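> One structure coming up, written as structure tokens, with questions to follow.
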Amino acid sequence: MSAAMTSSPAMAKRISPREPDALAAREVDHLVSRLLSEIKVPFGSLGTRVLTQLADLKRILSTDYTEVPALPQKPLLKELARVVANDIKQHIPTYGSLSDLGSPQLLGHLGKLFGPRELELRAEPYRTGAGLSLRGFYCRADLGDKSKFVIFVNTAHHPGAVGATLGHEVGHFIYGSLVGEKAAHTAFMEGAFANHLAEEDELFADSLVALAAYSPELIKKIGGGGITDMKPGSSDDLFHRIKGAYDMIGTEYNLDLAKGKMAAAWRVRYLTSMAHFFKLRCALYKSAGV
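672 is the number of the first residue of the sequence shown in the numbering used here; add one for each residue after it.
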């Protein structure tokens, strides 16, 4: 398990996903309009910050995840799926909660499994400096007389977002063991999710979240295995599938983007995050059979 696996050629590629044609772009605009209505984001609130988040959402919705060059190859994805099923889920105290990825028992188990590499979690609210734009990061650090791998998670976010960030950073830890650590590696969970589509290590880390959140049975129930790129007339089908995933995640984590005092920009960002992990999970099911 601790031996490094050979990285796929896709790791070196930084090719942007194909831009949607005019017809697909209109489908995306129609889909975005329906999704914004679903989470009660009025068009009058579309300031600069919201428009920036919408650009990321449109890129996520229009991309065919099965064709993304940086998607890890099947052997690496199958190994990750095995780790999630046989190691992570077996050690989660309350099955189904990504936040349980931070349990000392699980982190200790992963440290031994992919070690000797001691893993430490720092979880606290952070609103100064970068503020909420920093969701978390993973790095090596010298703590006292020990060199450790440290995960920081900004708990000022909604618990569902905190769980996804934690899972993402755990994914970086596992990737470093299977493929190899980057020199002076620091991985931040921030910015546009579309940027993750060009980096194998980022998609691998996101894949851990997707695999932990959605079982193959659930993906088959939602019908996500057939989601590919946007085609004329496909927005209605994709809307219902994304809504089905949102309803499930929202219920599990008590996340209702249509209520409360959450700013419009963060409603869109959380929606984009959910759509990204769902589409990635569908691609994993379709492309790698996991």
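From the three backbone atoms N, C-alpha and C, an ideal C-beta is built for every residue, glycine too. Predicted, not measured: the structure shown is a model, and the values here were computed from it.
Is LEU722 helix, strand or coil by DSSP?
LEU722: helix per DSSP, three-state reduction.
> Using DSSP bridges, identify the partner residues of LYS819.
Per DSSP, ALA812.
> Any idea if PRO796 is buried or exposed, counting beta-carbon neighbours within 10 angstroms, 16 or more meaning buried?
Result: exposed.
> Are three or more beta carbon pairs between the stretch 914-929 and the stretch 824-840 nearer than 8 Å?
A contact exists between the stretch 914-929 and the stretch 824-840.
> Please determine if the stretch 874-885 and the stretch 749-756 are in contact, where contact requires at least 3 C-beta pairs separated by less than 8 Å.
Yes, they touch.
> Does the distance from the CB of GLN724 to the CB of ALA869 come in under 7 Å?
In this structure, ALA869 does not lie closer than 7 Å to GLN724 by Cβ.
> What would DSSP say about GLY807, mapped onto helix, strand or coil?
Strand, per DSSP.
> Distance check for ASP813 and MET625, CA to CA, integer angstroms please.
With the chain covering 672 to 961 only, the question about residue 625 has no answer from this structure.
> Which residues mark the beginning and the end of the alpha helix (DSSP H) in which ALA935 is found?
It spans 935-959 - the alpha helix (DSSP H) in which ALA935 sits, taken as one unbroken run.
> Given this structure, state the Cα-to-Cα distance separating VAL850 from LYS745, to the nearest angstrom.
Distance between the alpha carbons of VAL850 and LYS745 is about 14 Å.
> If we count the other Cβ atoms within 10 Å of its Cβ and call it buried at 16 or more, is TYR766 buried or exposed?
Low confidence applies to TYR766: its pLDDT is 43, below 50, so where it sits in the model is not reliable, and the reading given next is rough at best. TYR766 should be labelled exposed.
> Which of the three DSSP states, helix, strand or coil, is assigned to ARG614?
In the structure as shown, the chain starts at 672 and stops at 961, and residue 614 therefore has no counterpart that could be examined.
> Near ILE731, which residues of its chain fall below 8 Å by C-beta distance, leaving aside the five closest residues on each side in sequence?
Counting only Cβ-Cβ distances below 8 Å, and skipping sequence neighbours, we find PHE864, ALA865, THR943, ALA946, HIS947, LYS950.
> Can you grab the Cα-Cα spacing for the pair LYS930 / CYS810, in whole Å?
When rounded, the distance between both Cα atoms is 35 Å.
> Please look up how many angstroms separate the CB atoms of GLY802 and LEU837, rounded, as I've assumed it's under 8 Å.
About 19 Å; that fails the 8 Å criterion.
> Is LYS729 buried or exposed, if buried means 16 or more other CB atoms sit within 10 Å of its CB?
LYS729 should be labelled buried.
> Compute the Euclidean distance between the alpha carbons of TYR736 and THR826, then round it to the nearest angstrom.
Cα-Cα distance, rounded: 29 Å.
> Where does ASN925 sit, in a helix, a strand or coil, going by DSSP?
Of the three classes helix, strand and coil, the one that applies to ASN925 here is coil, per DSSP.
> Leaving out five residues on either side along the sequence, give the residues of the same chain with a beta carbon under 7 Å from the beta carbon of ASP927.
If we look at ASP927 and ignore the five residues flanking it on each side, its Cβ neighbours are GLY921.
> Taking only the alpha-carbon atoms, compute the straight-line gap between GLY925 and PHE785 and give it to the nearest angstrom.
One detail in the question is off: residue 925 reads as Asn in this sequence, not Gly. So the two alpha carbons sit approximately 33 Å from each other.
> Tell me, to the nearest whole angstrom, how far the beta carbon of LEU781 is from that of ILE822; I am working on the premise that it is less than 8 Å.
Contact flag wrong, Cβ pair sits at about 11 Å.
> If we call anything under 7 Å between Cβ atoms a contact, is ARG952 one with ILE710?
Contact flag unset, no.
> Does DSSP put ARG793 in a helix, a strand or coil?
ARG793: strand per DSSP, three-state reduction.
> So what's VAL699 in DSSP terms, helix, strand or just coil?
Helix.
> Starting from the Cα of GLU873, find the closest Cα among ALA741, SER708, ASP727, HIS701 and give me that residue.
Checked all of ALA741, SER708, ASP727, HIS701; the closest Cα to GLU873 is ALA741.
> I need the straight-line Cα distance from VAL739 to SER774, nearest angstrom please.
Rounded to the nearest angstrom, the two C-alpha atoms are 33 Å apart.
> Do HIS839 and ALA876 come within 7 Å of each other at the CB atom, strictly closer than that value?
Yes, the Cβ-Cβ distance between ALA876 and HIS839 is below 7 Å.
> Apply the 10 Å Cβ neighbour rule to GLU888 and answer buried if 16 or more other Cβ atoms are within range, or exposed otherwise.
Flag for GLU888 reads exposed.
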